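Position one of the sequence shown corresponds to residue 0 (numbering that gives the first Met the number 0), numbered consecutively onward. Ideal Cβ positions, reconstructed from N, Cα and C, are used throughout, including at glycine. The structure presented is a predicted model; accordingly, all values stated were derived computationally and were not measured. Taking it in order: structure first as C-alpha cells, then the write-up.
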Amino acid sequence: MKIGSLFGVDVNISITLVVLIVIAVFLGNGTVIATIFFVFMAHETAHVLAARALKMNVREIELLPFGGAVRIESVFELDPINEIYIALAGPAINIVLLLGYSAFQNLGIISTNNNDTFARANLILAGFNLLPALPLDGGRVLRAILARDIGMKKATTVAAYGGLILSLFLAMTGFYAIYMKIFNPNFFLLSGFLAYSAFKEKRTASYIAVRDIAFKRDIIAKEGALTTRELIVLYDIPLKEVIKSFVPHRYHFVKVVDHSLRVWGYLDETEIVNGIMDYGINVQIGRLLQGR
Numbered sequence: 000m001k002i003g004s005l006f007g008v009d010v011n012i013s014i015t016l017v018v019l020i021v022i023a024v025f026l027g028n029g030t031v032i033a034t035i036f037f038v039f040m041a042h043e044t045a046h047v048l049a050a051r052a053l054k055m056n057v058r059e060i061e062l063l064p065f066g067g068a069v070r071i072e073s074v075f076e077l078d079p080i081n082e083i084y085i086a087l088a089g090p091a092i093n094i095v096l097l098l099g100y101s102a103f104q105n106l107g108i109i110s111t112n113n114n115d116t117f118a119r120a121n122l123i124l125a126g127f128n129l130l131p132a133l134p135l136d137g138g139r140v141l142r143a144i145l146a147r148d149i150g151m152k153k154a155t156t157v158a159a160y161g162g163l164i165l166s167l168f169l170a171m172t173g174f175y176a177i178y179m180k181i182f183n184p185n186f187f188l189l190s191g192f193l194a195y196s197a198f199k200e201k202r203t204a205s206y207i208a209v210r211d212i213a214f215k216r217d218i219i220a221k222e223g224a225l226t227t228r229e230l231i232v233l234y235d236i237p238l239k240e241v242i243k244s245f246v247p248h249r250y251h252f253v254k255v256v257d258h259s260l261r262v263w264g265y266l267d268e269t270e271i272v273n274g275i276m277d278y279g280i281n282v283q284i285g286r287l288l289q290g291r
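Shown next, in the form of C-alpha cells:
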C-alpha cells in the first residue's frame with residue numbers, strides 16, 4: 000500500500016504493519032506509534048542514502064513490522080560489500096540516534112524518562128534487525144559474507160532458514176506468554192510475517208543467482224575487470240545445481256567432465272545463462288555441449 004515518497008522513492012507499507020498500527024491506536028497508543036514511525040523512517044532513509052552514495056537506483060521502500068526493505072535496481076546490487084554497507088546503514092542510524100538522545104539526556108537538554116519510547120524504539124529496531132536472519136538487515140549481512148564462499152543461492156537459503164528459526168522462536172514465546180496468562184498478538188503477527196518473508200526469500204534464491212550471472216557483463220563494462228573462478232562439473236549435473244556454486248563478483252569458467260574425469264568441453268557463464276534461457280534450469284549441463 001503506497002503512502003507517499005521519500006527523495007523521489009515510493010514508500011509502501013505492509014498490511015501486517017497497518018494491522019499493528021490499528022491495534023496500537025485502538026489501545027490508545029497513538030503518540031507511541033508516531034514516535035516509532037519516525038524511527039522507522041530514519042532507519043529506511045539511512046538505507047536509501049547509503050544506496051544513493053553507492054550510485055544505486057532505489058526503486059521503492061516497503062515499511063515492515065521490524066523495519067523495512069529497500070528495493071534496488073542496479074548492476075552492483077549483488078556486490079556483497081555493497082549489500083553489507085546498505086544493510087548496516089539502517090541499524091547504524093538507530094544507534095546514532097540512541098547515543099545522541101542519551102547525550103542530550105545527560106546534558107539535561109531533554110528530560111529523562113526510563114520508559115522513553117524513542118530510546119527503546121531505536122534500541123529494539125537496531126538490535127532486532129542485526130539478528131542473522133532474512134529478511135532482516137543482519138540476514139542480508141550474513142548472506143553477503145557467505146556468498147563469497149558458497150554462492151548467492153546457498154547463502155540466501157542459509158539466511159532464510161535463520162528467519163524461519165526466528166519465526167518459530169517468536170511463536171513459541173507467544174505461546175509461553177499465553178501460558179503465563181499474558182496475551183500479546185504481536186508475537187504471532189511478527190512470527191507469521193517473518194515466516195512468510197523467509198519462505199519468499201528462499202523461493203527467489205534461484206532467480207537472484209541467475210540475475211547475478213546475467214549482470215556480470217555489465218559489471219565488467221563498469222569496472223573494467225573481474226576476477227575469474229574455475230569449476231569442474233560432471234556432465235549430467237542440472238544447471239540449477241551448477242549455478243549454486245557460483246559466487247558474486249567472480250566470472251566462472253566450467254570444465255565439463257564425465258564420471259571417468261574425461262573432459263567433454265568448457266563453458267563460461269554467458270553460455271550457461273543462454274542455456275538456462277533456451278532449455279530451462281533443470282537441463283543437464285552436458286546438453287549445452289551437444290552439436291559443438
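Note that the C-beta distance between I284 and V255 is below 8 Å. Short of 8 Å from the beta carbon of Y250, and not among the five residues preceding or following it, lie these beta carbons of its own chain, in chain order: K215, I219, L225, T226, T227, R228, D267 and E268.
When the Cα atoms are used, I12 and F192 turn out to be separated by approximately 13 Å. A contact between stretches requires three or more CB pairs, one per stretch, nearer than 8 Å, and the segment 79 to 95 meets this requirement with the segment 44 to 64. The beta-bridge partner set that DSSP reports for H251 consists of R228. With a 10 Å radius around the Cβ and a threshold of 16 neighbouring Cβ atoms, E61 comes out buried. In the DSSP annotation of this structure, the continuous segment of the alpha helix (DSSP H) that includes G137 starts and ends at D136 to I149. Contact between R70 and R51 is absent: CB atoms are separated by about 14 Å, not below the 8 Å threshold. Spatial neighbours of A194 in its own chain (CB-CB distance under 7 Å, excluding positions within 5 residues in sequence) are listed in chain order as L163 and S166.
A residue is called buried once 16 or more other Cβ atoms fall within 10 Å of its Cβ, and P247 is buried on that count.
When Cβ pairs closer than 8 Å are counted between the two stretches, the segment 195 to 204 is seen to touch the segment 154 to 162, the count reaching three or more. Contact check for I280 and L233: beta-carbon distance about 17 Å, past the 8 Å limit, so the pair fails to qualify. Cβ contact annotation for A176 (same chain, cutoff 8 Å, sequence separation greater than five): F182, N183 and F186, in chain order. A buried status is given to A197, since no fewer than 16 other beta-carbon atoms sit within 10 Å of its beta-carbon.
A residue is called buried when at least 16 other Cβ atoms come within 10 angstroms of its Cβ; D217 does not meet this threshold and is exposed. Residue state for G3 is assigned as strand, using DSSP reduced to three classes. In the displayed model, G279 falls within coil according to three-state DSSP, outside both helix and strand. For a cut-off of 8 Å, the C-beta gap from N128 to L122 is around 11 Å, too long to register as a contact. Take the alpha-carbon of Q104 and the one of F36: they are about 22 Å apart.
The Cβ atoms of I22 and V10 do not sit closer than 8 Å to each other. Around the beta carbon of I242, 16 or more other beta carbons sit within 10 angstroms, so the residue counts as buried.
Inclusion of L19 and L63 in the CB contact set at 8 Å is not warranted, their separation being larger than that value. Per the C-alpha coordinates, the member of I108, N56, A102 and I109 positioned closest to I85 is N56. Annotation: V38 is outside any beta strand (DSSP E); the continuous alpha helix (DSSP H) that includes it extends over G29 to A52.
According to the DSSP secondary-structure assignment, P184 is paired through a beta bridge with no residue. Between V253 and G264, the alpha-carbon positions lie close to 8 Å from each other. Excluding five sequence positions before and after R142, the CB atoms of its chain that fall closer than 6 Å to its own CB belong to A154, T155 and A158, given in chain order. In this structure, DSSP gives L233 an extended state, which the three-state scheme calls strand.
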